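Numbering (my numbering), first residue to last: -16 to 470.
Okay, structure first, notes after.
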């Protein structure tokens, strides 16, 4: 493999690892803030235990998220220096805001929240967790703003003397921040983040409802602690699932306008025409194999255009989009450049992401129905089954990110206003060799795998500990004991 392919693999591997922690941190910070606020307002000490339980998971996830995120920004200089040279003045602005504003907000108030318990006033301590939650969402907004410029570049001008992009004044900066793509992406990604957090809270709470009854012989703990937590998780899942569906619908229609090749590939639209049926499955990588379609005429056209039939339901096929782009950019990149993304990856990533969102909606409704009328889950089988609510949203988020990035190919900056564009192979560093990238990729993969094992081990340990952790032994008993992570 050449340096170009290896650099893409390295960035993809490290990004996917990092993106396991990001959505959970964003969503769980807000849910923990809600739990703590409910405890403060009701003066019910039971909420304090629930807050402490999920707070430990939040801290573990935040710490590992920081560790896995450090490498991300340095890769732009290591492997993608030509990209950084071309777009650094634009791309660096939201990243600087993320580091100097959002991350400092998160880290400062996270520290105050951890060490200020029983030291700060209840109101001030509660404010700290809310500011942490706001910081995580701000961080997500600035990162998504930077990425949205790659999807739909706005607010920039090309300095022909330096060959670099520059902000088009303050108005250009505001265009970068409030890019239409970034607004759609932010709504969709935040909904997905809350789906991850809601699934984790609901899954663990359902499992603990059954486990606590088996351990204690009664339903007191399940009813007092885990049922309220499960309802918070389920309501969050319900709202987040609806949010992902509706934001995804409008975002998909936006992609038809700005990234027609990605839209055609993810929907499986191979031939141009009106009233397209929804393609459920496709066993081909070149649009020539068999397809399984839904029986509802024009459903796919409706998803993309809000019209089931007629001229307004017309969709361009992938091959026709490719032909148009070849003709349009023949003078820049030649007439043989292929502008089609990987059809198999885009098509199936979209369906996995969409399927997880719909499954989350169904599970939240079934879960709320199961808890109706004061009921608690006493079935160990249902408790284990509900543990599926934890990994599924992670899978959906991962495939959504894969679709976002691989569906944009072969562009690292999709063509936008004023002819701003850059192919991915043009962004690679000129000085890196395949052996160098291979070595760093192996090191980072092993390092991230180790961090992933630590992350899972810590999550398992504190999830199994429950709301009644074993009391710490006396001081003389801990002289030789290893240090432990305790919130």
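Glycine is no exception: its CB is placed at the ideal position from the N, C-alpha and C atoms.
Predicted, not measured: the structure shown is a model, and the values here were computed from it.
With distances taken Cα to Cα, identify the nearest neighbour of residue 246 among 291, 302 and 216. 302
Nonlocal neighbours in the same chain, by C-beta distance under 6 Å from residue 77, ignoring five residues either side: 125, 128 and 129
The stretch 283 to 296 in contact with the stretch 231 to 241 per 3-pair CB rule at 8 Å: The stretch 283 to 296, when compared against the stretch 231 to 241, does touch it at the 8 Å Cβ threshold.
Helix, strand or coil, according to DSSP, for residue 274 in the structure here? Strand.
Coil, strand or helix - residue 262 by DSSP: strand
In this structure, what does DSSP give as the bridge partners for residue 142? 147
Residue 450, enclosing alpha helix (DSSP H) - first and last residue: Note, residue 450: premise wrong, no alpha helix (DSSP H); not H, not E.
Residue 473, buried or exposed, once every other Cβ within 10 Å from all chains shown has been counted against 16: What the structure shows of the chain is the stretch from -16 to 470, and residue 473 is not part of that stretch, so it cannot be assessed.
Is the Cβ-Cβ distance between residue 180 and residue 372 less than 7 Å? no
My parser needs the alpha helix (DSSP H) runs of 4 or more residues fully inside the stretch 339 to 427; what are they? Entirely contained in the stretch 339 to 427, the alpha helix (DSSP H) runs reaching 4 residues are, in chain order, 363 to 369 and 374 to 389.
Using the DSSP secondary-structure output, state which residues sit across from residue 298 in a beta bridge. The partner list for residue 298 (beta bridge, DSSP) reads 256.
Taking 8 Å as the threshold, find out whether the stretch 437 to 451 comes into contact with the stretch 24 to 38 through three or more Cβ pairs. yes
Suppose the cutoff is 7 Å on Cβ atoms and the five residues either side in sequence are ignored; what does the same chain contact list for residue 6 look like? 175, 176, 179 and 380
If we count Cβ pairs, one from each stretch, closer than 8 Å, do we get three or more for the stretch 67 to 86 versus the stretch 40 to 48? no
Between the CA atoms of residue 165 and residue 171 - distance to the nearest angstrom: 10 Å
Mapping the DSSP letters down to three states, classify residue 4 as helix, strand or coil. helix
Go through its chain and collect everything with a Cβ distance to residue 272's Cβ below 6 Å, but skip five positions before and after it. 266
Extract the residue ranges of the alpha helix (DSSP H) inside the stretch 30 to 55, only unbroken runs of 4 or more that lie entirely within it. none
Boundaries (first-last residue) of the alpha helix (DSSP H) holding residue 230: 210 to 241
Looking at residue 350 and residue 217, is the spacing between their C-beta atoms short of 7 Å? By the CB criterion at 7 Å, residue 217 and residue 350 fall inside the cutoff.
Boundaries (first-last residue) of the alpha helix (DSSP H) holding residue 105: 105 to 134
Using three-state DSSP, classify residue 91 as helix, strand or coil. helix
So is residue 66 buried or exposed if we call it buried at 16+ other beta carbons inside 10 Å? buried
Decide if the stretch 312 to 330 is in contact with the stretch 381 to 390; the criterion is three or more beta carbon pairs, one per stretch, under 8 Å apart. yes
Residue 303 (DSSP reduced to helix, strand or coil): helix
Check residue 171 in the structure and name its three-state DSSP category. helix
Give the straight-line distance between the Cα atoms of residue 382 and residue 278, rounded to the nearest whole angstrom. 26 Å
CA-to-CA distance, residue 4 to residue -2, given in whole angstroms: 10 Å
Range of the contiguous alpha helix (DSSP H) that encloses residue 77: In the DSSP annotation of this structure, the continuous segment of the alpha helix (DSSP H) that includes residue 77 starts and ends at 64 to 80.
Cut-off 8 Å between Cβ atoms - residues of its own chain near residue 332, not counting five sequence neighbours on either side: Once the five neighbours on either side are set aside, the close Cβ partners of residue 332 are 249, 382, 383, 385, 386, 389 and 390.
Check whether the Cβ atoms of residue 182 and residue 376 sit closer than 7 Å, and answer yes or no. yes
Residue 156 - containing alpha helix (DSSP H), residue span: 152 to 160
Less than 7 Å between the beta carbons of residue 263 and residue 275, yes or no? yes
Checking 7 Å against the spacing of the C-beta atoms, do residue 82 and residue 16 come in under that value? no
Which value, in whole angstroms, describes the spacing of the CA atoms of residue 86 and residue 410? 27 Å
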